[in-house]
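Have a look at the structure below, then the notes.
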Amino acid sequence: MFYFTFLVLVGLVLGLVGVASNPAPYFAALGLVVAAAVGCGILVGHGGSFLSLILFLIYLGGMLVVFAYSAALAAEPYPETWGDWSVLFYVVVYVVGVLIVGTLVSNDWYSCSWVVVDEFKDLSLLRGDFSGVAFMYSLGGFMLMVSGWVLLLTLFVVLELTRGLSRGALRAV
Amino acid sequence: LTPVHFSFSSGFILGLIGLTFHRTHLLSALLCLEGIILSLFIALSLWSLQLESTTHATAPILLLAFSACEAGAGLALLVGTTRTHGTDHLQNLNLLQC
Numbered sequence: 003m004f005y006f007t008f009l010v011l012v013g014l015v016l017g018l019v020g021v022a023s024n025p026a027p028y029f030a031a032l033g034l035v036v037a038a039a040v041g042c043g044i045l046v047g048h049g050g051s052f053l054s055l056i057l058f059l060i061y062l063g064g065m066l067v068v069f070a071y072s073a074a075l076a077a078e079p080y081p082e083t084w085g086d087w088s089v090l091f092y093v094v095v096y097v098v099g100v101l102i103v104g105t106l107v108s109n110d111w112y113s114c115s116w117v118v119v120d121e122f123k124d125l126s127l128l129r130g131d132f133s134g135v136a137f138m139y140s141l142g143g144f145m146l147m148v149s150g151w152v153l154l155l156t157l158f159v160v161l162e163l164t165r166g167l168s169r170g171a172l173r174a175v
Numbered sequence: 011l012t013p014v015h016f017s018f019s020s021g022f023i024l025g026l027i028g029l030t031f032h033r034t035h036l037l038s039a040l041l042c043l044e045g046i047i048l049s050l051f052i053a054l055s056l057w058s059l060q061l062e063s064t065t066h067a068t069a070p071i072l073l074l075a076f077s078a079c080e081a082g083a084g085l086a087l088l089v090g091t092t093r094t095h096g097t098d099h100l101q102n103l104n105l106l107q108c
């Protein structure tokens, strides 16, 4: 359990280092896919399997796929991967920075700060995160309406931004 | 600061630094924003899971809804930039330069 948690946390930090070092957007999207996949692993390790599935489906399968398609707008003949010197410099600086801060804060870590108590300690039929999300339909109904309204407004924002030509928000100058 | 908290906090700060030092592409800045939102989702989910409070489990779902809005608006801006300038290179966004 310690090894799984350790691998997943290292994977999250390295994936986000791969995104933050700004390679070509193809590779940054790949780093984000890896970071989201191991982020699901963190949530599964803590017992939140429904939230992990939501992250996989909506975030990876919805939003990141759209970003991967949009990476075609950033096409260039020689994309900078993590092996090129300019990107590798940033990767090394970020990894060294994380290691330095990690050694500063890891004085209080002991063997049990890596493992999680399982949530089945009393007999229960419902999962905690699953029935917690169901609160969004009962007590959190107002936030549900607000989110739906915001999503509808975003649709009109996107339609207005991409109208272009002579009367849109962005014009060809 | 437990290891899990350290990892998503450093992920957030890494995404913020990557957004600050973005170099050529607008899309890589948008991907750093998505990394920030990923670390925030993990943080909110772990808040609900570690404190065993089920009512806080709606927060990551609502964060995901609003982040989808923001990603859509960012990608629409990217499409507009590519239509106007041909690429999404940030050096082309210089109308306000003196």
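Residue numbers (our numbering), protein chains in the order written: chain Z, 3 to 175; chain A, 11 to 108. Virtual Cβ for every residue (Gly too), placed ideally from N, Cα, C.
Counting only the Cα atoms, Gln60(A) lies some 15 Å from Cys42(Z). With a cut-off of 8 Å on Cβ pairs, the segment 137 to 156 of chain Z is not in contact with the segment 65 to 74 of chain Z, counting fewer than three such pairs.
Contact check for Gly21(A) against Cys42(A) fails: the beta carbons are separated by 8 Å or more.
Interface residue (Cβ-Cβ distance to chain A less than 8 Å): Ser140(Z) is not classified as such. Taking every protein chain shown into account, the CB of Thr156(Z) has 16 or more other CB atoms within 10 angstroms, so this residue is buried. The DSSP-derived three-state label of His66(A) is helix. In the DSSP assignment, the residues bridged to His35(A) are His99(A). Among the CB atoms of chain A, none fall inside 8 Å of the CB of Gly143(Z). Counted as a single uninterrupted DSSP element, the stretch harbouring Pro25(Z) is not any alpha helix (DSSP H), since DSSP gives it neither H nor E. Taking 8 Å as the cut-off, the Cβ atoms of Gly130(Z) and Glu62(A) count as close. A straight line joining the alpha-carbon of Leu62(Z) with that of Val10(Z) spans about 17 Å. For Trp87(Z), the enclosing alpha helix (DSSP H) starts and ends at Trp87 to Val107. Contacts with chain A at 8 Å (Cβ-Cβ) include Leu53(Z).
With a cutoff of 8 Å on beta-carbon distance, Ala22(Z) and Leu24(A) are scored as near each other. Pro79(Z) is classed as exposed because its beta carbon has fewer than 16 other beta carbons within 10 Å across all chains shown. The beta carbons of Gly134(Z) and Thr64(A) sit closer together than 8 Å. Using a Cβ-Cβ cut-off of 8 Å, Trp84(Z) does not count as an interface residue toward chain A, since no Cβ of chain A sits closer than that to its own.
Judged by DSSP in its simplified three-state form, Gly134(Z) adopts helix.
Judged by DSSP secondary structure, Leu155(Z) falls within the alpha helix (DSSP H) whose first and last residues are Gly143 to Leu163.
Near chain A, meaning a CB-to-CB distance below 7 Å, the residues of the segment 65 to 79 of chain Z are Met65, Val68, Phe69, Ser72, Ala73, Leu75 and Ala76.
Taking C-alpha positions only, His66(A) is separated from Glu44(A) by approximately 22 Å.
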